[in-house]
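Report on the structure given below.
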Amino acid sequence: MTTAFVLSGGGSLGSIQVGMLLGLAESGIAPELIVGTSVGAVNGGWLGSRADVEGIGALADLWRSLSREDVFPTRPIVGLLGFLGLRSNLVPNHGLRRLLKDHLQFRRLQDAPIPLHVVATDVLSCHDVLLSSGDAVDAITASAAIPAVFPPVNIDGRELMDGGVVNNTPLSHAVALGADLIWVLPTGYPCALPKAPRGALAMAIHALTLAINQRLALDVARYEKSVDLRVVPPLCPLGVSPIDFSHTARLIERSHDSTLEWLAARQPLVGQAALLAPHRH
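When the letters of the sequence shown are read in order and numbered with UniProt numbering, they come out as residues 1 to 281.
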């Protein structure tokens, strides 16, 4: 039996996945295959070489140290040029690339100790693209290139952007790669925000996060009868924006505790799409 971890996108809410990963590792659950999209690809890049409790603890420390400027550096002139249609993005991607270069322990995807695959979207065809080899920084940056926020990444002549646009939680890829036990780690979405996001960046990432969650619910309903599918419940209520890094430590703690409680409860693994149903608090 091949165990896969499938990690979805969600901006700064990727910290929630870290708490889930820590709870799974402490319970002796480890991946033999990783498929990641967007921030799930970023976390997957770390997980590909350090999937033990100590390694995930170090990932948690890294997340706790991050600020919004580390990932979404504000450059007014870039934002203005994007607004005027003279650039394809609001934010440069050098912050994300620097984080990956500093912390990835392998140069190429195929060199990851645990097989790692990341999903991006072809800008022109809008087809999802599974990246399993090649430069790891380029591939993960492409998978996390949120449309209009980060610039697309050219890989082998194709302009690639965030995989969450068409296939945020690529269960089909995990199945095709031979997984028969799949743990899905969603970031969830902010179901308890006190008011609508303000600003182009916040609204763009919020909208994509909502779309991601709805697509995930459809995929779970589609696949849970054909494979052994286990969806780690996302945090709820959640009142944190996916561009807000100021609550990272608390989100990791909450998701870690929630994951351990869920594993101990051994709840039936049916109707899991209901965990992701749209709602408000």
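Yeah, the Cβ is synthetic: ideal placement off N, Cα and C, and Gly gets one too.
Suppose you measure from the CA of His173 to the CA of Ala179; what does that come to, to the nearest Å?
By 1-based counting over the sequence shown, the position of residue 173 is 173. By 1-based counting over the sequence shown, the position of residue 179 is 179. Looking at the two C-alpha atoms, the distance is approximately 9 Å.
Burial state of Ala213, where buried means 16 or more other Cβ atoms lie within 10 Å:
Sequence index remark: in the sequence shown, residue 213 carries index 213 (1-based). A small fix is needed here, since residue 213 is Asn in this sequence, not Ala. Under this definition Asn213 is a buried residue.
For Ile243, which residues in the same chain have their Cβ closer than 7 Å to its Cβ, ignoring the five residues on either side in sequence?
Within the sequence shown, residue 243 is the residue found at index 243, counting from 1. Counting only Cβ-Cβ distances below 7 Å, and skipping sequence neighbours, we find Gly11, Ser12, Arg68, Phe72, Leu201, Ala202, Ile205.
Does the Cβ of Leu218 have 16 or more other Cβ atoms within 10 Å, making it buried, or fewer, making it exposed?
Start at 1 with the first residue of the sequence shown, and residue 218 comes out as number 218. The residue in question, Leu218, is exposed, as its Cβ has fewer than 16 Cβ neighbours within 10 Å.
Rounded to a whole number of angstroms, what is the C-alpha to C-alpha distance between Ile56 and Gly14?
On the sequence shown, position 56 is the one that residue 56 refers to. On the sequence shown, position 14 is the one that residue 14 refers to. Going from the Cα of Ile56 to the Cα of Gly14 covers about 13 Å.
Inter-residue Cα distance where the pair is Glu159 and Leu263
The residue you call residue 159 lines up with position 159 of the sequence shown. The residue you call residue 263 lines up with position 263 of the sequence shown. Approximately 40 Å between the Cα atoms of the pair.
Proximity winner among Val184, Gly164, Arg250, relative to Leu210 (alpha-carbon distances)
If you number the sequence shown from 1, residue 210 lands on position 210. The shortest C-alpha separation from Leu210 is found at Gly164.
DSSP on Ile56, reduced to helix/strand/coil?
As a working note, residue 56 is residue 56 in the sequence shown. Correct three-state label for Ile56: helix.
When the Cα of Ile155 is compared with those of Val91, Ala136, Val35, Leu185, which residue comes out closest?
By one-based count along the sequence shown, residue 155 stands at place 155. Nearest C-alpha to Ile155: Ala136.
Return the CA-CA distance between Val270 and Pro115, expressed in angstroms with no decimal places.
Counting from 1 along the sequence shown, the entry for residue 270 is found at position 270. Counting from 1 along the sequence shown, the entry for residue 115 is found at position 115. Rounded to the nearest angstrom, the two C-alpha atoms are 28 Å apart.
Residue burial classification, Glu224 (beta-carbon count within 10 angstroms, cutoff 16):
Counting from 1 along the sequence shown, the entry for residue 224 is found at position 224. Result: buried.
Sequence ranges, beta strand (DSSP E) only - wholly within the segment 166 to 226, length at least 3
181 to 185
Buried or exposed: Gln272, going by 16 or more other Cβ atoms within 10 Å of its Cβ?
Position 272 of the sequence shown, counting from 1, holds the residue named residue 272. Its Cβ being crowded by 16 or more others within 10 Å, Gln272 is buried.
Going by DSSP, what residue range makes up the alpha helix (DSSP H) through residue 286?
The question about residue 286 has no answer here: the residues shown for the chain are numbered 1 through 281.
Rounded to whole angstroms, what is the Cα-Cα separation between Ser133 and Arg64?
By 1-based counting over the sequence shown, the position of residue 133 is 133. By 1-based counting over the sequence shown, the position of residue 64 is 64. Cα to Cα, the separation comes out at about 30 Å.
Residues near Thr248 by beta carbon distance below 6 Å, same chain, minus five either side
In the sequence shown, residue 248 corresponds to position 248, counting from 1. Once the five neighbours on either side are set aside, the close Cβ partners of Thr248 are Ser15, Trp63, Arg64.
Grab me the residues of Pro234's own chain with a C-beta within less than 6 Å of its C-beta, minus the 5 sequence neighbours each way, in chain order.
If you number the sequence shown from 1, residue 234 lands on position 234. Hits under 6 Å: Pro186, Gly188.
Among Phe245, Val220, Leu276, Ser143, whose alpha-carbon lies nearest the alpha-carbon of Trp183?
In the sequence shown, residue 183 corresponds to position 183, counting from 1. For the residues Phe245, Val220, Leu276, Ser143, the minimum Cα distance to Trp183 belongs to Val220.
Delimiting residues of the alpha helix (DSSP H) encompassing Ile140
In the sequence shown, the residue the question calls residue 140 occupies position 140. Element bounds for Ile140: 136 to 143.
Under DSSP, the alpha helix (DSSP H) around Arg97 begins and ends at which residues?
For the purposes of this step, residue 97 is taken as residue 97 along the sequence shown, with counting starting at 1. Here the alpha helix (DSSP H) through Arg97 covers 94 to 103.
Just to check my reading of the structure: Pro194 and Ser241 have Cβ atoms closer than 8 Å, yes? What is that Cβ distance to the nearest angstrom?
Here residue 194 is taken as the residue at index 194 of the sequence shown, counted from 1. Here residue 241 is taken as the residue at index 241 of the sequence shown, counted from 1. The pair is not a contact, with the Cβ atoms about 10 Å apart (cut-off 8 Å).
Could you give the DSSP three-state label for Val240: helix, strand or coil?
The count along the sequence shown starts at 1 and reaches residue 240 at position 240. It is coil, neither helix nor strand.
Inter-residue spacing [alpha-carbon to alpha-carbon] between Leu84 and Leu124
Within the sequence shown, the letter at position 84 stands for residue 84. Within the sequence shown, the letter at position 124 stands for residue 124. Residue placement at Leu84 cannot be trusted, given a pLDDT of 42 that sits under 50; what the coordinates show is reported in the next sentence. Taking the straight line joining both Cα atoms gives about 21 Å.
Please state the DSSP three-state secondary structure of Leu276.
If you number the sequence shown from 1, residue 276 lands on position 276. Leu276 falls in the helix class under three-state DSSP.
Determine the extent of the beta strand (DSSP E) in which Ile155 is found, giving its start and end residues.
For the purposes of this step, residue 155 is identified with residue 155 of the sequence shown, where counting begins at 1. Here the beta strand (DSSP E) through Ile155 covers 153 to 155.
Tell me which same chain residues have a C-beta within less than 7 Å of the C-beta of Ile77, skipping the five on either side of it?
Indexing the sequence shown from 1 puts residue 77 at position 77. Interpretation of Ile77 is limited by its pLDDT of 43, a score under 50 that renders its predicted location unreliable; no figure is taken from the coordinates.
For Leu104, collect the residues of the same chain with a Cβ closer than 7 Å to its Cβ; drop the 5 residues on either side in sequence, then sort them by chain order.
On the sequence shown, residue 104 is found 104 positions in, with the first residue counted as 1. These residues qualify, in order along the chain: Gly45, Ala136, Val137.
Give the DSSP-derived three-state secondary structure of Met1 in the structure shown.
Here residue 1 refers to the residue found at position 1 of the sequence shown. In the structure shown, Met1 sits in coil (DSSP, three-state: anything other than H, G, I, E or B).
Residue(s) in a DSSP beta bridge with Glu159
For the purposes of this step, residue 159 is identified with residue 159 of the sequence shown, where counting begins at 1. In the DSSP output, where bridge partners are listed per residue, Glu159 has Asn154.
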